[in-house]
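Below is one structure, written out as structure tokens; comments come after it.
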Amino acid sequence: MDAKNPWRSRRTSDALFFLVMGGISATFILLIVLLLVADVMFTSPSEFYRALAKPEIRAALQLTLFSCTVAAILSVWVGTPLGYLLSRYSFRGRWVIDTLVDIPIVLPPLVLGLSLLILFHQPIAGWQLESALRDGLGFPVTYRWPAVVLAQFSVACAFSVRTMRVTFDQMNPRAEEVARTLGCTRGQAFWRIALPQASRGIVTAFTIAWARALGEFGPIMVFAGTTRMRTEVLSTSVFLELSIGNLDAAVAVSLLMVMLAVVVLVVLRVLGTGLNS
Amino acid sequence: MIELKGVTVKSGSFVLPNISFQILSGEYAVLMGTSGRGKTTLLESICGLRRVAEGQVLIHGRDVTRWSPADREIGYVPQDLALFPKLSVLEHLEFALRLRKLSREVVTERTRELSEVLGIGHLLSRSIAGLSGGEAQRVALGRALSFRPSVLLLDEPLSALDESTRYEMHELLRRVKQTTGVTTLHVTHSVSEAESLADRCFWLAADGIQERPLSQIC
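Going down the list, the protein sequences come from chains A and B. So that you can map any letter, position 58 of the first sequence is 58 in my numbering, and since no number is skipped, the others follow by simple counting. So that you can map any letter, position 161 of the second sequence is 161 in my numbering, and since no number is skipped, the others follow by simple counting.
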């Protein structure tokens, strides 16, 4: 330590602090930027447009936009009440539910897909979920678009629950309690006080669920298959194009997914999620 | 009238044992005691936000121990005020009235009357963000009084205010007491608040609750 000039010593120490912290942080940022730059350099605009012009890729894009949006809406729909219950109430077995919610996050994707497949086709006392849905409601699931949505939802919802739980944890429950003394039922306190305060969290949960659904691949491949023009989403397009040796198209679709993710993140941040503040 | 008969409240390892007292209709009582004795817990038990393990809570002679907070018709101002972040000042005053599905005219008349008494008429369209401490207190008080409760519970409502605002609020609380006749239990650490407002004073200690003459609390 420079005893003669402690001011300079502190300034040097601060500079070192930012250098070390910034240097470590920069490795990750640099990795992401380099990955994107490598993808951009690998392909060309003409290759990109050629890939986009393929009817299979267009169909995959449409199904991706549709399935991700439905999965994200369902995830928020389920994640909001579940996150609220986990945040606000202590009840016996809460830790079990808390752990179960995280299982789709830690489960290997292929195992999740396989589990969905087994769930729908496992005969239970002569009854089978897939047959019941197909014959009873005329709504078969496996190897069709609902399987894509369900596979995406299974993982995205876990993230949505986590996000909503943190949102409600950060909100003072006191306002809901006061609302109850003013005449609200628990339901009214939730709808009128808690939910409006959670609006930013809901947008964040939707964003995370949508982005998570966009990146889903393993469970979709196992549970919905990779049938072109039927159950193909952009993540499976990358796999299909790679499997037939069409690296250019695979990279072009990858870039399209990056662009989609960026657009969704930016739009939702502009809508006021506050993620960037 | 607020009456507690042998009320015991348990929260983890904390126990508030065997509390009994009675505050008659229209009286203004203060509850004092060192921190951590359970004054807030006691208020929460009276308004139904905390479960009573043993004993009875009676409001105007009716046993409300197992009633939901919504059915007790008790106005409550918590220490942190807990204003609703997404509602305007006017919406705070209207909140309980709208829940009771009162007509537009009745709601308008009541909010006008309240804002006049509380001196917040000029704030009605404002959101609660940016209200001063005194203004926020008035809004919380207005919200609690809006549905004309017969009992009002105040948890250290003036502790965060500066000296001059506190005296204004003393004046306001005295006016509320005179105009509404609401039975009030007011938690405070301030002797001057007790002297200025109270008809009766209770002291919560480790061995229970005792009533003390106002002349002995200084």
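For every residue, glycine included, the Cβ atom is placed at its ideal position computed from N, Cα and C. Bear in mind the structure is a predicted one, so any value in this text is a computation, not a measurement.
List the endpoints of the continuous beta strand (DSSP E) containing residue i.
i          : result
Gln-152(A) : Per DSSP, Gln-152(A) belongs to no beta strand (DSSP E); it is in the alpha helix (DSSP H), 145-170.
Asp-155(B) : 151-155
Gln-128(A) : Element bounds for Gln-128(A): n/a, residue is neither H nor E.
Gly-6(B)   : 2-11
Gly-208(B) : 208-212
Measure the C-alpha to C-alpha separation of residue i and residue j and round it to an integer number of angstroms.
i          : j          : result
Val-155(A) : Leu-114(A) : 14 Å
Asn-276(A) : Leu-82(A)  : Because the pLDDT of Asn-276(A) is 43, which lies under 50, any placement of that residue in the model is unreliable, and the question is left without a value.
Val-233(A) : Pro-109(A) : 16 Å
Leu-182(A) : Arg-192(A) : 12 Å
Pro-157(B) : Val-76(A)  : 38 Å
Arg-230(A) : Ile-29(A)  : 37 Å
Phe-168(A) : Pro-149(B) : 30 Å
Gly-79(A)  : Ser-199(A) : 13 Å
Ser-190(B) : Pro-213(B) : 15 Å
Gln-22(B)  : Glu-3(B)   : 4 Å
Leu-214(A) : Ala-147(A) : 14 Å
Val-222(A) : Arg-174(A) : 46 Å
Val-33(A)  : Phe-159(A) : 25 Å
Phe-239(A) : Arg-8(A)   : 57 Å
Lys-177(B) : Glu-177(A) : 25 Å
For residue i, name the three-state secondary structure that DSSP assigns.
i          : result
Trp-67(B)  : coil
Leu-275(A) : Unreliable positioning characterises Leu-275(A) in this predicted model, as indicated by a pLDDT of 45, which lies under 50. The coordinate reading is nonetheless provided below. Three-state result, Leu-275(A): coil.
Glu-163(B) : helix
Met-1(A)   : The predicted model places Met-1(A) with a pLDDT of 49, which falls under 50 and marks its position as unreliable; any figure quoted below should be read in that light. Reduced to three states, the DSSP call for Met-1(A) is coil.
Met-32(B)  : strand
Ile-244(A) : coil
Arg-51(B)  : coil
Gln-79(B)  : coil
Pro-219(A) : helix
His-186(B) : strand
Pro-6(A)   : helix
Leu-258(B) : In the structure as shown, chain B begins at 1 and stops at 218. Residue 258(B) is therefore absent and cannot be evaluated.
Pro-85(B)  : coil
Pro-17(B)  : strand
Ile-103(A) : helix
Leu-229(B) : Within the shown structure, residues of chain B are numbered from 1 to 218, placing residue 229(B) beyond reach of any answer.
Val-57(B)  : strand
Arg-11(A)  : helix
Arg-92(A)  : coil
Arg-62(B)  : strand
Which first and last residues belong to the alpha helix (DSSP H) in which residue i is found?
i          : result
Cys-47(B)  : 39-47
Cys-201(B) : Cys-201(B) -> not in any alpha helix (DSSP H); beta strand (DSSP E) instead, spanning 200-205.
Thr-64(A)  : 55-88
Met-229(A) : Taken as a continuous stretch (DSSP letters only), Met-229(A) belongs to no alpha helix (DSSP H), as it is neither H nor E.
Ile-118(A) : 109-121
Ile-128(B) : First-last for Ile-128(B): undefined, no H or E at that position.
Thr-108(B) : 104-118
Ala-175(A) : 174-181
Ser-196(B) : 191-197
Ala-139(B) : Strictly speaking, residue 139(B) in this sequence is Val, with Ala absent from that position. 133-145 is the extent of the alpha helix (DSSP H) around Val-139(B).
Arg-186(A) : 186-189
Answer with buried or exposed for residue i, where buried requires no fewer than 16 other C-beta atoms within 10 angstroms of its C-beta.
i          : result
Leu-247(A) : exposed
Thr-12(A)  : exposed
Phe-139(A) : exposed
Met-21(A)  : exposed
Tyr-89(A)  : exposed
Leu-35(A)  : exposed
Ser-103(B) : exposed
Ala-206(B) : exposed
His-121(A) : exposed
Ala-205(A) : buried
Lys-101(B) : exposed
Arg-175(B) : exposed
Val-89(B)  : buried
Arg-58(A)  : exposed
His-122(B) : exposed
Asp-71(B)  : exposed
Trp-210(A) : buried
Ala-71(A)  : buried
Sorry if obvious, but does the Cβ on residue i come closer than 8 Å to a heavy atom of the ligand ATP?
i          : result
Ile-208(A) : As far as ligands go, the structure on display features none, and thus does not contain the ligand ATP.
Problem - Three-pair Cβ contact test at 8 Å for the segment 92-106 of chain A versus the segment 16-24 of chain B - result: Inter-segment contact for the segment 92-106 of chain A and the segment 16-24 of chain B is absent: fewer than three beta-carbon pairs are separated by less than 8 Å.
Practice task
Spell out a yes or no on whether the segment 133-143 of chain B and the segment 219-231 of chain A are touching, meaning 3 or more CB-CB pairs, one atom from each, closer than 8 Å.
Solution key: The segment 133-143 of chain B makes no contact with the segment 219-231 of chain A, as fewer than three CB pairs between them are under 8 Å.
Exercise for the section: Decide if the segment 134-151 of chain B is in contact with the segment 93-109 of chain B; the criterion is three or more beta carbon pairs, one per stretch, under 8 Å apart. Expected result: By the Cβ rule, the segment 134-151 of chain B counts as touching the segment 93-109 of chain B, because three or more pairs are nearer than 8 Å.
Practice task
Evaluate the contact criterion for the segment 252-263 of chain A versus the segment 41-57 of chain A: three or more CB pairs, one atom per stretch, below 8 Å.
Solution key: Counting Cβ pairs under 8 Å, three or more are found: they touch.
Handout entry: Within 9 Å of chain E by C-beta, residues of the segment 98-118 of chain A in sequence order
Key = In the structure shown, chain E cannot be found, because the protein chains are A and B.
Handout entry: At least three beta-carbon pairs within less than 8 Å, the segment 35-52 of chain B to the segment 1-12 of chain B
Key = Enough Cβ pairs lie closer than 8 Å, so yes.
Exercise for the section: Could you tell me whether the segment 101-115 of chain B touches the segment 55-66 of chain B, using the rule of 3 or more Cβ pairs below 8 Å? Expected result: Too few Cβ pairs lie closer than 8 Å, so no.
Practice task
Spell out a yes or no on whether the segment 23-34 of chain B and the segment 193-203 of chain B are touching, meaning 3 or more CB-CB pairs, one atom from each, closer than 8 Å.
Solution key: Result yes; three or more Cβ-Cβ pairs closer than 8 Å.
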